[in-house]
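**Student:** Sequences listed follow chains W and R, in order.
Taking our numbering, the leading residue of the first sequence gets 539, the next gets one more, and so forth.
Taking our numbering, the leading residue of the second sequence gets 539, the next gets one more, and so forth.
The structure under discussion is supplied below as structure tokens; questions concerning it will follow.
Protein chains: 2
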Amino acid sequence: MTSDPDFDFHHPTPLLIVISGPSGAGKDTVVQRMKERGLPFHFVVTATTRPKRANEVNGKDYFFVSKEKFARMINENELFEYALVYGDYKGPPKAQVREALASGQDVVMRLDVQGAETVQKLVPEALLIFITAENGQELERRLRERKTETPAELALRIATARKELKRVEAFDYVVINSDDQIDQTVDMVKAIIDAEHCRVKPRKVTL
Amino acid sequence: MTSDPDFDFHHPTPLLIVISGPSGAGKDTVVQRMKERGLPFHFVVTATTRPKRANEVNGKDYFFVSKEKFARMINENELFEYALVYGDYKGPPKAQVREALASGQDVVMRLDVQGAETVQKLVPEALLIFITAENGQELERRLRERKTETPAELALRIATARKELKRVEAFDYVVINSDDQIDQTVDMVKAIIDAEHCRVKPRKVTL
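Below, the structure is given as structure tokens:
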């Protein structure tokens, strides 16, 4: 039998993985736990024009860039998306993702639901994972339990989460993050990524 | 937030899983190990007109049926496929799969590559997993090492395996079964099944 390179399955295509989900579902905790476990992914670091705080590390917490630099990134179409948050700009840079993928690494981005949909339009091959609670009631319970918001803020949060929950249809996978079962959730995210590496038709990202 | 049944993710759709791959890749061993691990699947038992041997159990090794019964199953279109093997008929019955799926169980069928393609035509929602060696050379090495065949038989086996290897494109996933890494292979098959249960658009089988 000849060694046909088409049938050598040793080199999986690196993936662009978007972890998203409604507010209160725990997507931040999931990504945090993925980092703690030392999973071999490149976690995208957001660029921001906000000044660095004393306890923050450039390139780890954020990439701290000047307003001029950020404007250049916008002009050169080098951001997946960006937002103005309390007077400062933030957004995930494409170059970082491009480099990590080129080196063969899977890339993980944590985004809100709207951001995930934006990335999907730009990069249809991206792998979109929706982290959620068992149902809407449980999601609402978690938001209420935070107790860090005024009733008006909470009502806004709940209304947003309700809308976000309905966007699940745009995603590839949905993982239930049950209360206190964060490791089970991360196991499932890991299983999805492992499985995607076995796809006969891989999601080859071009950026 | 109302409890919208559309957004209750608790009840994954049961899957029809086809484990296949070229001769020599180890698909039989993979399914055997899945059974040994007690994974909660229904493993399809093939119907056959062959007489039961002393050490065999009806309904476990095979369903032993009369030629009349088998003819009726063919006429009623109640077999996924069937073949005449050394004068005896064998084929996997649909009713068994239908019942297991209805009870919420995932169903596992082990089939050769041609059988897998037949099932895919009948049931496009089936999940097709291709078990293979790292490449064609390794597959050939394994077939040679069996040493149970005449050189002519071996040449036939190798030619068939070479053809089968090229059918991978028809499958959903490909899993490399490295020599002596059977548990790793089963872990990967399990990850694929777990991931498929998280798909936003499930593979809902109708039979």
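Ideal Cβ placement from N, Cα and C applies to all residues, glycine included.
Please report how far the alpha carbon of Met572(R) lies from the alpha carbon of Lys742(R), in whole angstroms.
**Tutor:** Going from the Cα of Met572(R) to the Cα of Lys742(R) covers about 23 Å.
**Student:** Can you give me, in chain order, the residues of the region 700 to 720 of chain W that have a beta carbon less than 7 Å from any beta carbon in chain R?
**Tutor:** Against chain R - using a Cβ distance shorter than 7 Å - the residues of the region 700 to 720 of chain W are Arg700, Leu703, Val706, Glu707, Phe709, Asp710, Tyr711, Val712, Val713, Ile714.
**Student:** Using a Cβ-Cβ cutoff of less than 7 Å, which residues in the same chain neighbour Cys736(W) once the five nearest sequence positions on both sides are dropped?
**Tutor:** Correct list: empty, nothing qualifies.
**Student:** Is there a Cβ from chain W that is less than 8 Å from the Cβ of Met647(R)?
**Tutor:** With 8 Å as the cut-off, Met647(R) does not count as an interface residue toward chain W.
**Student:** I need the straight-line Cα distance from Glu676(W) to Val712(W), nearest angstrom please.
**Tutor:** The straight-line gap from Cα to Cα measures roughly 16 Å.
**Student:** Just to confirm the assignment: which complete beta strand (DSSP E) runs, minimum length 3, are found wholly within the region 570 to 605 of chain W?
**Tutor:** Within the region 570 to 605 of chain W, the complete beta strand (DSSP E) runs of at least 3 residues are 579 to 581.
**Student:** Thinking C-beta only, is Ser558(W) closer than 8 Å to Arg695(W)?
**Tutor:** Cβ distance not < 8 Å, so Arg695(W) and Ser558(W) don't count as in contact.
**Student:** Rounding to the nearest angstrom, what Cα-Cα distance links Pro550(R) and Asn715(R) in this structure?
**Tutor:** In a straight line, the C-alpha of Pro550(R) is about 28 Å away from that of Asn715(R).
**Student:** Determine whether the beta carbon atoms of Leu666(W) and Asp710(W) lie at a separation below 8 Å.
**Tutor:** Yes, these two residues count as a Cβ contact at 8 Å.
**Student:** Which chain R residues sit within Cβ distance under 7 Å of Ala729(W)?
**Tutor:** Under the 7 Å cutoff, chain R gives Ala729, Asp732, Ala733.
**Student:** Going along chain R in order, which residues have a C-beta closer than 7 Å to the C-beta of Met726(W)?
**Tutor:** Correct list: Asp732, Cys736.
**Student:** In the DSSP assignment, find the beta strand (DSSP E) that holds Thr723(W) and state where it starts and stops.
**Tutor:** No beta strand (DSSP E) contains Thr723(W), which is instead part of the alpha helix (DSSP H) from 720 to 735.
**Student:** What separation, rounded to the nearest whole angstrom, lies between the Cα atoms of Ala708(W) and Glu655(W)?
**Tutor:** The alpha-carbon atoms of Ala708(W) and Glu655(W) are separated by roughly 7 Å.
**Student:** One question on the structure: do Phe579(R) and Val645(R) come within less than 8 Å of each other, judged by their Cβ atoms?
**Tutor:** Closer than 8 Å, so yes.
**Student:** Thinking C-alpha only, which one of Arg682(R), Ile669(R), Glu637(R) is nearest Phe581(R)?
**Tutor:** Closest option to Phe581(R), Cα to Cα, is Glu637(R).
**Student:** Tell me the rounded alpha-carbon separation between Lys632(W) and Leu554(W).
**Tutor:** The straight-line gap from Cα to Cα measures roughly 11 Å.
**Student:** Going along the chain, which residues of its own chain have a beta-carbon closer than 8 Å to the beta-carbon of Gln658(W), five neighbours each way excluded?
**Tutor:** For Gln658(W), where only same-chain residues beyond five positions count, the Cβ hits under 8 Å are Val556, Ala664, Leu666, Ala708.
**Student:** Taking the DSSP output, what are the residues bridged to Ala621(W)?
**Tutor:** Looking at the DSSP assignment, Ala621(W) forms a beta bridge with Lys628(W).
**Student:** Using CA coordinates, which residue listed in Ile720(W), Gly564(W), Ala693(W), Ile731(W) is at the minimum distance from Asp650(W)?
**Tutor:** Nearest of Ile720(W), Gly564(W), Ala693(W), Ile731(W) to Asp650(W), Cα basis: Gly564(W).
**Student:** Is the beta carbon of Leu703(R) less than 8 Å from the beta carbon of Thr670(R)?
**Tutor:** Yes, Cβ-Cβ distance for Leu703(R) and Thr670(R) is below 8 Å.
**Student:** Can we count Ala733(R) as close to the ligand PLP, meaning its CB is less than 7 Å from some heavy atom?
**Tutor:** Looking at this structure, you won't find the ligand PLP or any other ligand, since it has none at all.
**Student:** From Asp566(W) to Asn596(R), what does the alpha carbon distance come to, in whole angstroms?
**Tutor:** Each residue's Cα considered, the two are about 53 Å apart.
**Student:** Would you kindly report the start and end of the unbroken beta strand (DSSP E) that includes Leu745(W)?
**Tutor:** No beta strand (DSSP E) holds Leu745(W); DSSP gives it neither H nor E.
**Student:** For Arg648(R), collect the residues of the same chain with a Cβ closer than 7 Å to its Cβ; drop the 5 residues on either side in sequence, then sort them by chain order.
**Tutor:** Closer than 7 Å at Cβ, skipping near neighbours: Ile557, Lys565, Asp566, Val569.
**Student:** What does DSSP give as the partner residues of Val712(W) in its beta bridges?
**Tutor:** BP columns for Val712(W) point to Phe668(W).
**Student:** For Asp650(R), name the three-state secondary structure that DSSP assigns.
**Tutor:** Three-state DSSP puts Asp650(R) in coil, outside helix and strand.
**Student:** Cα separation between Glu683(R) and Gln643(W)?
**Tutor:** Cα-Cα distance, rounded: 36 Å.
**Student:** Which residue comes first and which comes last in the alpha helix (DSSP H) that contains Leu692(R)?
**Tutor:** From DSSP, the alpha helix (DSSP H) with Leu692(R) extends over 689 to 703.
**Student:** Answer yes or no: do Val727(R) and Phe668(R) have a C-beta to C-beta separation smaller than 8 Å?
**Tutor:** Going by C-beta atoms, Val727(R) is not nearer than 8 Å to Phe668(R).
**Student:** So that I know if they touch, is there some Cβ in chain C lying closer than 8 Å to that of Thr744(W)?
**Tutor:** Included in the structure are the protein chains W and R, with no chain C among them.
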